[in-house]
Amino acid sequence: MNFAKPLVLLVSYISLIRNAICIRHGTNLIWAQIPTVRNTVSRLVGIEGDPNDWVESGKVKVRHISAPHFGWEFKALAFQHSTQTLLWSEAMNKRIQSLVLNGSTDTNDVFIGTSPEVYGMSVDWLSGNLYWADTLYNWIIMAPIRSEERVYKIVVQDGLDSPHGVAVYPQKGYLIWSDCGENPKIEISDLLGKNRRSLVEINIQEPRGLAIDFNENTLYWADSVRDTVEAIGLNGYGRRIVALQDGSSFFSVAIYGKYLFTTEQSKGHLKIYDKKTGANYISYRLGYVPFGIVMYDGSLQIGNSSDCDDLGCGQMCVPDPLTGPRCICGEGYDMDEDGVSCIKTKSFVQPSHIYAIHDAICQYPANIADMSLTNITLDTQCFLNDRHGYLALTYDARDNLLYYSENNTFTISRIHLEIGATSEIVAGGTGVVKGLALDWISGNLYWTDGSNRQIKVSRKDGTAQKVLINSELDNPLGIAVHPGRGTIYWTDPSDAPKVEWCYTDGTSRTVIMDDNLGSPNHLYIDFQKDVLYWTDSTLFHVRSYDLTTGRIAVIYSQPNTKFYGISLFKDFLLWTDTEQMNGIHVARLDKAEKVRGIIHPTNGISQDLITTDINNQPMFNDSACLESKCEQLCLSGADNSFWCHCGLGYDLMNDNSSCRTGLVQDYFLLVTDAYQRQVFQVNGLNGVVHAIHHSIRHSPIAVDFDPVMQRVFWSDNEAHIIKTANLVGDFHDVIVRLPEKSVVDGLAVDYINRLIYYTDSGRDLIGVVSLNDYENNRVLINESMDEPRAIVLSPIEGRMYWTDWGYSARIECARMDGSDRTTLVQLNNNSWPNGLALDNKERKLYWADAQTNTIEVISLDGHNHQVLIKEETAHYFGLTQMGNYLYVTDWKKTYISRMNKNGGPLEPFGTESFTKLYGIHGFNGSEVIVGTSVCLYHHCDHLCLPLPNNQHTCQCRDDFYLAEDTTTCIKLNKTTTSAPTTTTTLRTSTTTFSTPTTSKNAGSSPKSTSRITDKVTSQKSTTTAASTSIISLTSPSSESGMSTVNTSTTNDSPVVTSVPAVSEAKHPGIARGVIIAVSLVVLVAVIAAFIAAVYLYRRHRVLKIPHGKLVEEDTKVVSFYKIAFPENRAEEETTMECGIENPTYGVITSDKMFDQ
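With my numbering applied, the sequence shown corresponds to residues 1 to 1156, in that order.
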């Protein structure tokens, strides 16, 4: 061929395509092209045969595959020659498809949910994996070409800006890609994205398609800005320009023999060059815009997949030239112990988008803009759907923890993003928290409190809480933290709206913007670009603030859009809308074009939005707090300085890092704050607060004090233990470990006889433990109890008193062995007697009622009942008497209240910095009752319990019984059904107790648990959806059984009495009648079910949105995909904390996720 002659133009090209037939398996040069005008369809075009023949002769056989619709756009190409498979990306339907080139037209979806901009693909033919680069999502993904289950794995996403071309060299284990973003480069790694390095990073502007010459270990690429096609050795040497033509826009390249093929988009050419000399053999004018190109030939894919096939991997195999092939699992799966199989992981797949809708928290995958919406409902996407008023969100990417606020319970909680995880309350007693932010470097949690007009900070476990800002705030809402700069940012959409910032220690407070603002809401920081963003629901736009230059700009606007929550991910802007378009929405930032809206107008109210992406929580190595030795809080100041701070009850030591507490030895209160996970000591003279230091913090509830040993005792209903430590917080010890069902709200220490008593409303009992030997413990009372709570003791008199706020509310008393039980005060059924205090000197008993909002008193002889105070609003819990005062804790107050014990108003005492107070105990050394134990000169094997009149009784722990000598305890044999009765003890008890089912107060907290599960289960419906959800289960009624246990018989063994069946032999007529009646009932039920099914099916057909194509196919996005909870979803009442119920610990306990 004479190359001096004018380049051959294929004038007959269009007519050849019209007459062409489908591409066949063999040697083909194949490229993708889309029409310049919408009068024809996109095509995959192939020139059949060896290029050595048709390039020289100029005679070509053209074949093609046409798209079925005008809107389709073929972009990237790849192939697997051994299976005769051609693969392509298709932009309109946002998917990757394959076709076997055997004359078939049946395509297979390899992956659904790409962006429309997938321009580079390549096949690892030794493993059967496809790799592709997604320019909008800025990642490189691999997926098996043929698999029964659609799995994928993100192999590269860090540091990608606009990935384009992809090439693989499986024999050497290379994955190569081009990135034409702000820092253009070509990089190389192993096939899993590890051992990454730059191959080309200078004199490069917009690298596009890639191709490898496997014979010469050379990489070729097109640069559409430099107008070049270039080459370089895979070792990084020997770079050269193969072709240079001004005004060209080279896009994709392919290699075969001595030829280099490239698509050029500015003029719509297919060009063929000599890969060595750069001589231009032919330029075909296509009349289309060409994209990806491949040389489909078996010689370019030497080798086979036998090594991977022999492994039998459950999902994917990756060859390694050094160690051999190995199995790997896709996103959302973990490798099983056999190294071959994959099991579904409990953790949520990251990255993902999570937003609150008030009634629930919902999740969408990272590719929400392009995911398939078939069968999407709120039930399939939402979890924690128990209508707690979810508002604010933040997350810890490394610990995989989601933090959220609940408006109904005024708490902040956290939960691992995994199936079966249990939530944990980290802060309570808050106001309305609409903004949360986590500093993952220092481990601090920040939040806005609109009700109290303040910004607070704590450790991320909720401890060491501190008010950071409480002045000149009207309605703080969104908040964001920048660990690298040591700053926080917040919005205040008040009458005088503003956006502000300060250092994390609260200093240098500065207004960013306070004019031309409408309603600034939530914020987002892009740490890669160092830019702050916020939404404005009044001005209908999103603004950006460059943290380096201070420049403010509107980056996106849309009329009548109530922008609220905000997140950015890759090249997408996401936001929530709170009004007519209530839901989650997505726009492309590069085109300022909305691409998706998923709305649920009548379900929930969309709130905060986050994207759980570890790449947006970078490790700032120069962060001031990164290497700090602060024991509690590290807060940053100006000039990269930091300061250590301590939480409530602690003081900073001279080393400026340690936190210590100063304690008093007499006349003090002990109080538990379950949300701050702390037992506090409050000076009874001046109200100064000191913390009882303990390293492991759960949720302390009941509290008492041993003045003899100077030890504090408390119950922990999260860890289900009763614990003790000295006042300093040292020498911790667990008194008793309780079943998970236990709820210990009351403790009382008998320091004279070395005993501790407790109430357990979870198991409806009162128990006792010896402080001399914790193993010696037993249940004293477990009959006719409903909700026992507070308990107090009179050891000298040998009596105990307790409250029961259950169905039959009352105050009871008994001897300290549980005998001689009587009701001291029978209260109305709508009473909730919580706190209890005993004045031994004046022989008076005080109690606090959380339902009637009263504090009352009665003499121990049952006379002189008096109401001391009644408040309009209160929820009392703990009560104690010290000196002339009664001290009370109130869930509706963040401080201790006190009043004169003879009556008078309640007044605040001490700090108002508590969150939610529970138990309280007062110690005044001058009021300590001094006495000698009745057990001092009497021996009991296990428990010596005091009785009135200086008497005592011996009792054994639960797995022993008392011998006839009334002091020795004998272990029960497994065959023993009950202990022998004796006549020497003052109360006969069995050693095995049952917990009777009792009727609870209708207003009490249900003792049910819930968990994140991998399927949705409802008692009212048998529908099962493959989604992550929260369910709540309650125990079935004990009345539904077909047999009953009769324990009223005279012998010790219970008798099971079955309900007799109808005997057909004795009553044949009755039996036949019963059978006929049952048959009729079943027939009617079947007919009714059929009619209901037909009705629901027709309704479904009418309402169902077609999913043949995406609903948002209109480029103006005037239609939206509407989702909702299923119509048969039960309307659950929102559980409020105040005024409706008298909750047990279940109100502040973690949401326990029920595993199916």
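In this text, a Cβ means the ideal position worked out from N, Cα and C, and glycines have one as well.
Query	Result
What is the rounded straight-line gap between the Cα of residue 115 and the Cα of residue 364?	15 Å
Decide yes or no for the touch test of the stretch 591-603 against the stretch 438-457: beta carbon pairs closer than 8 Å, at least 3 of them.	no
Can you name, in chain order, every residue of its own chain whose Cβ lies under 6 Å from the Cβ of residue 618, other than the five neighbours on each side?	527
Measuring CA to CA, which of 46, 510, 949, 366 is closest to residue 63?	46
Is residue 724 helix, strand or coil when you go by DSSP?	strand
Nearest to residue 314 by CA position, among 89, 147, 276, 70, is which residue?	147
Would you tell me roughly how many angstroms separate the C-alpha atoms of residue 136 and residue 688, rounded to the nearest one?	58 Å
Can you tell me whether DSSP reads residue 694 as helix, strand or coil?	coil
Can you name, in chain order, every residue of its own chain whose Cβ lies under 7 Å from the Cβ of residue 372, other than the five neighbours on each side?	112, 113
When you compare the CB positions of residue 873 and residue 895, do they come within less than 8 Å of one another, or not?	no
Under the three-state reduction of DSSP, which class applies to residue 298: helix, strand or coil?	helix
When you compare each of 437, 459, 433, 442 to residue 452 by their alpha carbons, which one comes out closest?	433
Can you list, in chain order, the residues of its chain whose CB lies under 8 Å from that of residue 502, leaving out five sequence neighbours each side?	469, 487, 488, 508, 509, 510
Between which residues of its own chain and residue 1162 is the CB-CB distance below 6 Å, once the five residues before and five after are set aside?	Residue 1162 lies beyond the range of the chain shown here (1 to 1156); nothing can be said about it.
With distance defined between alpha-carbon atoms, name the residue in 544, 563, 548 nearest to residue 554.	544
Using three-state DSSP, classify residue 491 as helix, strand or coil.	strand
From the DSSP output, in three-state form, read off residue 928 for me.	coil
Using the beta-carbon count (16 or more within 10 Å), is residue 463 buried or exposed?	buried
Would you say residue 428 touches the ligand FMN, meaning its beta carbon is less than 7 Å from a heavy atom?	For the structure depicted, the ligand FMN is absent and the ligand set is empty, with no information on it obtainable.
Of the residues 237, 522, 77, 430, which one's Cα is nearest the Cα of residue 254?	77
Using a Cβ-Cβ cut-off of 7 Å (strictly less than) and excluding sequence neighbours within five positions of residue 185, which residues of its own chain qualify?	179, 198, 200, 201, 204
Whole angstroms is fine: what's the gap from residue 1179's alpha carbon to residue 512's?	The structure shown does not extend to residue 1179, since the chain is modelled only from 1 to 1156, so the question has no answer here.
Considering only C-alpha positions, which residue in the set 85, 317, 50 is nearest to residue 105?	85
What is the DSSP secondary structure of residue 52, reduced to helix, strand or coil?	helix
Less than 8 Å between C-beta atoms, sequence neighbours within five positions excluded: which residues of the same chain meet that for residue 238?	218, 231, 232
Pop quiz: residue 157 and residue 616 are said to be a contact at Cβ under 8 Å. What is the actual Cβ separation, rounded to whole angstroms?	With a Cβ gap of about 11 Å, residue 157 and residue 616 do not count as contacting.
Just to check my reading of the structure: residue 889 and residue 922 have Cβ atoms closer than 8 Å, yes? What is that Cβ distance to the nearest angstrom?	Residue 889 to residue 922, Cβ: 12 Å. No contact.
Alpha carbon to alpha carbon, how far is residue 810 from residue 718?	27 Å
CB residue 756 to CB residue 780, shorter than 8 Å?	no
Taking DSSP as the reference, what is the three-state secondary structure of residue 530?	coil
Excluding the 5 residues preceding and the 5 following residue 344 in the sequence, name in chain order all residues of the same chain whose CB lies nearer than 7 Å to its CB.	332, 333
Quick one: grab the DSSP three-state call for residue 656.	coil
When DSSP labels each residue in this structure, what does residue 280 get in the three-state scheme?	strand
Where do the N-terminal and C-terminal ends of the alpha helix (DSSP H) with residue 381 fall, by residue?	378-381
Locate the alpha helix (DSSP H) running through residue 935, then write down its first and last residues.	It is not in any alpha helix (DSSP H) - residue 935 carries neither H nor E in the DSSP assignment.
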